[in-house]
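Peer 1:
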Amino acid sequence: MSDVERPSTVETDGAADNTNETTTSNEEQANTTEDAGVDEATEKPDPSPGNSLSLPIARVKRIIKQDDEITACSTSAVYAIASATELFIKYFTEQALLRTKFEKRKKMSYNDFAEAVSSVNELQFLSTLVPKTEKLSVLMAKGIVKKHELSKGQRTMGEFSKTSTAKAKERQAQDSAASETTKEDEIDADEDVVMKL
181 MSDVERPSTV ETDGAADNTN ETTTSNEEQA NTTEDAGVDE ATEKPDPSPG NSLSLPIARV
241 KRIIKQDDEI TACSTSAVYA IASATELFIK YFTEQALLRT KFEKRKKMSY NDFAEAVSSV
301 NELQFLSTLV PKTEKLSVLM AKGIVKKHEL SKGQRTMGEF SKTSTAKAKE RQAQDSAASE
361 TTKEDEIDAD EDVVMKL
């Protein structure tokens, strides 16, 4: 309280009440200012999106250590990298979400992210990592993808399933022919069995 100057009060007939009121209001302001300073110093920072990280710092450190060009990285630099990464992920997701909402859908898909990459200038550097998808027939027509002939002895899954289906049908036919025995044949077969005790 020594830092706050108090106005001196001089009592006169009509002015004493006003001066006391000013002194009281100044004291209240000083008390609230001091209380606010104490609260600010003792309060823990609230976990808001700017103060806490969602990405685990240990994983960020591990990823940084995998880079051969970086020999050492301070803790504050790791925190800055993690924070910047979170902001980038948030921005990228927001841009994809705009595409989803524009098309009046509730679920985001890969195509939303690919569209965001192709239409937002800041995300153009991801064009090789998140390319737009195209149908295989379109890529074959453009000559980007070519159909390769199979070498001798190789089959596709479609051919394999056709031959396995045919073999399964043959087995069923053999099993049904073998199972078409009469009860008499079954009884005769049972009589031939001799059990020794």
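Those letters in the sequence shown? Residues 181 to 377, by the working numbering. Every residue, glycine too, gets a C-beta built ideally from N, C-alpha and C.
Check whether the segment 288-299 and the segment 266-276 are in contact - that is, three or more C-beta pairs closer than 8 Å.
Peer 2: yes
Peer 1: If we count Cβ pairs, one from each stretch, closer than 8 Å, do we get three or more for the segment 299-307 versus the segment 316-325?
Peer 2: Pairwise C-beta distances place the segment 299-307 out of contact with the segment 316-325, as fewer than three of them are shorter than 8 Å.
Peer 1: Tell me the rounded alpha-carbon separation between R351 and T345.
Peer 2: For the purposes of this step, residue 351 is taken as the residue at position 171 of the sequence shown. For the purposes of this step, residue 345 is taken as the residue at position 165 of the sequence shown. Rounded to the nearest angstrom, the two C-alpha atoms are 10 Å apart.
Peer 1: Which two residues bound the contiguous alpha helix (DSSP H) that contains S256?
Peer 2: Counted from its first residue, the sequence shown places residue 256 at position 76. S256 -> alpha helix (DSSP H) spans T255 to F282.
Peer 1: Rounded to whole angstroms, what is the Cα-Cα separation between R285 and R279?
Peer 2: Here residue 285 refers to the residue found at position 105 when the sequence shown is read from its first residue. Here residue 279 refers to the residue found at position 99 when the sequence shown is read from its first residue. In a straight line, the C-alpha of R285 is about 9 Å away from that of R279.
Peer 1: Which same chain residues, not among the five before or five after I250, have their C-beta less than 7 Å away from its C-beta?
Peer 2: Locating residue 250 in the sequence shown gives position 70, where the first residue counts as 1. Only I244 meet the Cβ criterion.
Peer 1: Count the other CB atoms within 10 Å of the CB of V325; is the residue buried (16 or more) or exposed (fewer)?
Peer 2: Taking the sequence shown and counting its residues from 1, one reaches residue 325 at position 145. It is exposed - the Cβ of V325 has fewer than 16 other Cβ atoms within 10 Å.
Peer 1: Indicate the three-state DSSP secondary structure (helix, strand or coil) for A294 in the structure shown.
Peer 2: On the sequence shown, position 114 is the one that residue 294 refers to. Residue state, collapsed to three classes: helix.
Peer 1: Pick helix, strand or coil for L309, following the three-state DSSP scheme.
Peer 2: Residue 309 sits at position 129 when you count from the first residue of the sequence shown. If DSSP states are grouped into helix, strand and coil, L309 belongs with coil.
Peer 1: Between the alpha carbons of T255 and I237, how many angstroms are there, rounded?
Peer 2: Taking the first residue of the sequence shown as position 1, residue 255 is located at position 75. Taking the first residue of the sequence shown as position 1, residue 237 is located at position 57. Whole-angstrom Cα-Cα distance: 9 Å.
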